[in-house]
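The structure appears below as structure tokens.
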Amino acid sequence: MTEAQRTRTAFFAMVHRDLLVQWRDRWEFVFRVAMLPFILILTYGFMLPRVGILPESFPTHMFCGMVGMSMVITGIHGTAVPTSMDFHNLREIEDRLLAPVSTRTVTIAKMTVGVLESFIGGLIVLPISLIFMGSSISLELAPHGVLLLILVLILTALLSAALGLLVGTIVKPSQVAAMFPGFLMPVVFLGGIFYTWKQLSPLPVMQVVTLIDPLTWVNEALRAVMTVQVESLPLALTIPGIIVWIAVPGFFAFRRFDRMVYSH
Amino acid sequence: MAQDSILEVEGLTKTFHTKNGVVNAVKGISFNVERGEVFGFLGANGAGKSTTIGMITTQLLPDAGRIVVGGQDLTKNTAEIRRNIGVVAQHNNLERRLTAMENLYFHGRYFAMSKAEIKEKSEDLLQRFGLWERRNDYVGSYSGGMAQRLKIARAMLHDPKILFLDEPTTGLDPNYRQILWDEMLEMNKNGTTIFLTTHYMEEVEHFCSHVAIMKQGSILARGTVQELEEKTGTHSLNDVFLVLTDHDGVDDRKSANGRE
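Those protein sequence lines, which keep their order, are chains A and B.
The opening position of the first sequence corresponds to residue 1 in my numbering, with each subsequent residue numbered one higher.
The opening position of the second sequence corresponds to residue 265 in my numbering, with each subsequent residue numbered one higher.
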């Protein structure tokens, strides 16, 4: 067996291990991933447009935001919480860190699981959206829409895993409970789920603030691909933006992960 | 250094920076372990034993010094060294939401063992360690002693050339201590070097060919039990330990102000 084959075997075993553990908690996973989109879609995508508080076209605005939010939050949560628990409380990761492969293999396996969970998070939003907003959503794909959509979804999943890994190497298990109000809530509500970036033009300061939120870049890219009739930032800007949001947190996450390996 | 050393440590140093200040956990220690021996690494709590094992087993980065395992320099061939070592930590680092069989399966796959080989060895080890009946239970439901046995079985699965055990018999009842020692001696007979820390002096006296005693990050003495007894003018390893460490019942970590 070559070194590459050994590394590949160990890598897939690490991914398999994480997915098996997640599968054991599958109903908790579905509840955790589906609950926030469900409540937001029920309120903002179904009830408020029906009673006339929001325009009937609002679900079209919101749909892309829901997909983006669900993918980003699920990926962050799915990478950050196990990483933090592994290093600080359970120390279960030690067996993987003693495997005859580079630390990078362990890191990438963790991120891969985050990417897969992020996709599942995106998929879970679809039936909820169809049930509550199906008749109100108007999708108009961009030219080469399917290919662009796949690209944006892959980049979104990578972004969520990179951010999750960074958060997981910063946050201690005792601080996980504070992660939602302190980090995820601002990401969700400043991430352009309910509005496009252009609609914030009367509030230029908020336009700048929301650019600090990675979800803004994701949602604007998804709108540019799936709802071309809605004015959004061009893909030529949002795709590089997402790549920056993968590269920068990813770089620091890898460094912090390496440091954690030798200091936990 | 001797030519048949499986482990060579030179000038190994580790310092921790804590809220309470700087802790010199390991202070430039040097020693070697011969291939095929059972080596006892002794010291009070906080003496620096676990930190030393952590560095030798690639889990901690040394600040200075050189470690050679099986002729491979640790800084250059980390993966190769990991392939040749088995590590049993003091704490429970098993996968609690997996069964015993799954713990062994994944460990074997991390070491690129074939599924058939893992199955065969897992069944054998679980039977020998009295875990066969509970093989499909989640490890989270195991008692401390059962978890300890599984940790040892896991470390043995990939046939390491050198097995590091950090207080392996703590928490085991006398029956399983004996079983563990039988297994370790069997492995040792087949060529595996054993490196262990323990607080049970009688185990060291019976099983270890060489001993090193550590205190506050330094090695105070090395040699066979007999050599150490002669050197200190005592008649048991327990007395050797007490004389050399000037033991007053206080952990080294209190004086070292930090981690072991």
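Every residue, glycine too, gets a C-beta built ideally from N, C-alpha and C.
Query                                                                                                                              : Result
Buried versus exposed, by CB contacts within 10 Å (16 or more), Ser174 of chain A                                                  : exposed
Element boundaries [beta strand (DSSP E), containing Glu431 of chain B]                                                            : Glu431 of chain B -> no beta strand (DSSP E), and no H or E assigned at all.
Own chain, CB closer than 7 Å to Glu301 of chain B, minus 5 neighbours either side, in chain order                                 : Thr457, Ser473 and His474
For Leu429 of chain B and Glu469 of chain B, believed in contact at Cβ under 8 Å, the rounded distance                             : The Cβ separation is near 17 Å, so there is no contact.
Residue-level contact to chain B via CB, Val188 of chain A, 9 Å cutoff                                                             : no
Extent of the continuous beta strand (DSSP E) to which Ser294 of chain B belongs                                                   : Gly285 to Glu298
Gly145 of chain A - containing alpha helix (DSSP H), residue span                                                                  : Gly145 to Ile170
Spatial distance of Ser84 of chain A from Ile170 of chain A (CA atoms)                                                             : 8 Å
Where Arg398 of chain B falls: helix, strand or coil (DSSP)                                                                        : helix
Interface positions of the stretch 358-376 of chain B facing chain A (Cβ-Cβ less than 9 Å), listed along the chain                 : Leu358, Glu359, Arg360, Arg361, Leu362, Glu366, Asn367, Tyr369, Phe370, His371, Gly372, Arg373, Tyr374, Phe375 and Ala376
Cross-chain neighbours of Leu90 of chain A in chain B, by beta carbon under 8 Å                                                    : Asn357 and Arg360
Outcome for Pro249 of chain A when other beta-carbon atoms lying within 10 angstroms are tallied against a minimum of 16           : buried
Rounded C-alpha distance that separates Ile317 of chain B from Ile270 of chain B                                                   : 15 Å
Thr322 of chain B at chain A interface by Cβ criterion, 9 Å                                                                        : yes
Sheet register partners of Phe459 of chain B (DSSP bridge)                                                                         : B:Phe303 and B:Phe428
Interface positions of the stretch 223-236 of chain A facing chain B (Cβ-Cβ less than 9 Å), listed along the chain                 : none
Nearest candidate by alpha-carbon position, reference Val187 of chain A, set A:Lys198, A:Tyr44, A:Asn219 and A:Leu165              : A:Asn219
Asp18 of chain A classed as buried or exposed, judged by whether at least 16 other C-beta atoms fall within 10 angstroms           : buried
Own chain partners of Glu447 of chain B with C-beta closer than 7 Å, once the 5 adjacent residues on each side are dropped         : Arg392
Beta carbon proximity, Pro173 of chain A to chain B, threshold 9 Å                                                                 : no
Span separating the alpha-carbon of Arg346 of chain B from that of Gly68 of chain A                                                : 41 Å
Distance, Val167 of chain A Cα to Ala177 of chain A Cα                                                                             : 13 Å
Candidates A:Val81, A:Glu3, A:Phe29 and A:Trp23: closest to Leu184 of chain A by CA position                                       : A:Val81
Identity of the residues DSSP links to Phe280 of chain B by a beta bridge                                                          : B:Val287
Ser482 of chain B, enclosing alpha helix (DSSP H) - first and last residue                                                         : Here Ser482 of chain B belongs to no alpha helix (DSSP H); instead the beta strand (DSSP E) covers Ser482 to Gly487.
Proximity below 9 Å, CB of Pro181 of chain A to CB of Val72 of chain A                                                             : no
Residue environment, Lys278 of chain B, which counts as buried when at least 16 other CB atoms sit within 10 Å                     : buried
Where Gln199 of chain A falls: helix, strand or coil (DSSP)                                                                        : helix
Assumed close pair Arg299 of chain B, Asp268 of chain B - CB separation to whole angstroms, cut-off 8 Å                            : 5 Å
Thr227 of chain A, DSSP secondary structure in three states                                                                        : strand
Neighbourhood of Val504 of chain B by C-beta distance below 7 Å, restricted to the same chain and skipping five residues each side : Leu492, Glu493, Thr496 and Thr498
Closest Cα partner of Asp423 of chain B within the set B:Lys385, B:Arg399, B:Gly310 and B:Gly307                                   : B:Lys385
Neighbourhood of Glu140 of chain A by C-beta distance below 7 Å, restricted to the same chain and skipping five residues each side : Thr227, Val228 and Gln229
Contact between the stretch 123-141 of chain A and the stretch 22-34 of chain A (3+ Cβ pairs under 8 Å)                            : yes
Buried versus exposed call for Asp510 of chain B [16 or more other C-beta atoms within 10 Å across all chains shown]               : exposed
The alpha helix (DSSP H) enclosing Arg330 of chain B, as first and last residue numbers                                            : Run containing Arg330 of chain B: none in the alpha helix (DSSP H); it sits in the beta strand (DSSP E), Ala328 to Val333.
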